[in-house]
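Throughout the sequence shown, residue numbering follows mature numbering (1 follows the signal peptide of the UniProt record, and there is no 0), covering -22 to -1, 1 to 243 in sequence. All C-beta atoms in this analysis are idealised placements derived from N, C-alpha and C, irrespective of residue type, glycine included.
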Amino acid sequence: MMRRVSLILSLLVLCSFPQAYAAGPPDVSVGYVQQGMVPLPDSKVLLPPPPGKDSATLTADEVVSLNAMPLKGGKRWELAIRDADLSFPAAAATFSCALNVPVSEKETPHLYTLLRRSLADAANADDAAKALYNRPRPFLVNHQGTCTPDVEQFLRGSGSYPSGHSAIGWAWALILSEVAPQHADVILRRGLAFGESRIVCNVHWQSDVAQGRIMGASAVARLHASREFQEDLKEAKKEVESLTKKGLLPDQAACTAEADTLRLW
């Protein structure tokens, strides 16, 4: 099951961002939770079914989706496109502004590894519910485009509930809040926005995003039982502290633009 999800993630990222893969798609199959260990949380056990017909939650999903439509083509839409990219090294920089340090394989190797490996675990935690419910995505219902047209055909066969990107983004936000607790509020807000980008992108409903965060948080709770995770977490803290002391900062103009854009949603 985990292998299937990893293959899907690799295919999704590869199809969305072909220029990023001259050397082939990233290996997202190796998380911190391996076969034979205590398993990841089971989304079909933890989560309720997706909202039923005529439910208040489904009505809210439709209203939120409709309200996001005017953002298409604007700066918030462009950020949603960037947030859709789970490829590395691009994805590693997602929280650079929130952390207030540059994140890269060279400057922060343990943090880089922490993000890559936890991506696999957070995504795999979603698998059971996605397969069980196979909920249609918003663009299949409202017949509007998405911010990643290159993978719309793939997304047609991939369940909307819960949101894998939201699970990953929230897992990253929780982990990074431990790495740099002094920036926790900004980091968590960026993690929330990462999930909201899926609504802006017209590929997930609000309830998909909310339940994706539940699975992301559940995966992080499980990761704390991993010795390798704890070691990378410890070293990642040292890396961020070191860069902070050196005064190394991310692109400040880009960070100002990101902050302005996030106010749009």
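Counting only the Cα atoms, Phe132 lies some 30 Å from Ile153.
The beta carbon of Asp104 sits closer than 7 Å to those of Ser21, Pro140, Gly142, Ala145, Gly190 and Met193, all from its chain and outside the five residues before and after it, given in chain order.
Selection Arg115, Ala151 and Gly123 evaluated against Gly137 yields Arg115 as nearest (Cα-Cα). Within its own chain, the residues whose Cβ lies closer than 8 Å to the Cβ of His202, once the five positions on either side in sequence are excluded, are Gln208, listed in chain order. The straight-line gap separating the alpha-carbon atoms of Pro28 and Leu93 is approximately 28 Å. In this structure, the beta-carbon distance from Ile165 to Ala171 does not fall below 8 Å. Residues Ser96, Ala100, Gly194, Ala197 and Val198 of the same chain have their beta carbon placed closer than 6 Å to that of Ala149, with the five preceding and five following residues left out of the count. The C-beta distance from Val79 to Leu226 rounds to 6 Å, short enough to meet the 8 Å contact threshold. If you compare the alpha carbons of Arg167, Leu211, Val178 and Ala162 with that of Met47, the shortest gap goes to Val178. Inclusion of Ser220 and Asp39 in the CB contact set at 8 Å is not warranted, their separation being larger than that value.
Between the alpha carbons of Asp163 and Leu64 lies a distance of about 23 Å.
In this structure, Leu44 and His161 do not form a Cβ contact; the two beta carbons are roughly 34 Å apart against a cut-off of 8 Å. Spatial neighbours of Ser74 in its own chain (CB-CB distance under 7 Å, excluding positions within 5 residues in sequence) are listed in chain order as Pro80, Val81 and Pro228.
For the set Glu83, Ala106 and Glu217, the Cα lying nearest the Cα of Leu18 is the one of Ala106.
Here the alpha carbon of Arg167 sits roughly 30 Å from the alpha carbon of Leu110. Distance check between Asp238 and each of Glu85, Glu56, Val187 and Asn102 places Glu56 closest, using alpha-carbon atoms only.
Distance from Val41 to Ser204 at the Cβ level is roughly 40 Å; contact not present, criterion being Cβ atoms closer than 8 Å.
Sequence-distant Cβ neighbours of Gly147 in its own chain, meaning closer than 6 Å and more than five residues away, are Gly169, Phe172 and Gly173. Within the stretch 160 to 192, the runs of alpha helix (DSSP H) at least 4 residues long that lie entirely inside it are, in chain order, 162 to 178. Ala34 counts as exposed, since fewer than 16 other C-beta atoms from the protein chains shown sit within 10 angstroms of its C-beta.
Of the residues assessed, Asn112 falls on the exposed side of the cut-off, its CB having fewer than 16 other CB atoms within 10 angstroms. With a cutoff of 8 Å on beta-carbon distance, Leu89 and Trp243 are scored as not near each other.
When secondary structure is reduced to three states using DSSP, Gln230 falls in the helix class.
Secondary structure at Gln131: helix, using DSSP grouped into helix, strand and coil.
The C-beta distance from Thr86 to Ala214 rounds to 7 Å, short enough to meet the 8 Å contact threshold. Comparing alpha carbon positions, the residue from Thr234, Lys224, Ala188 and Ala231 closest to Leu36 is Ala188. The beta-carbon distance between Ala58 and Ser175, rounded to whole angstroms, is 4 Å. This is short enough to meet the 8 Å contact definition. Per DSSP, the unbroken alpha helix (DSSP H) holding Leu92 starts and ends at Pro87 to Ala103.
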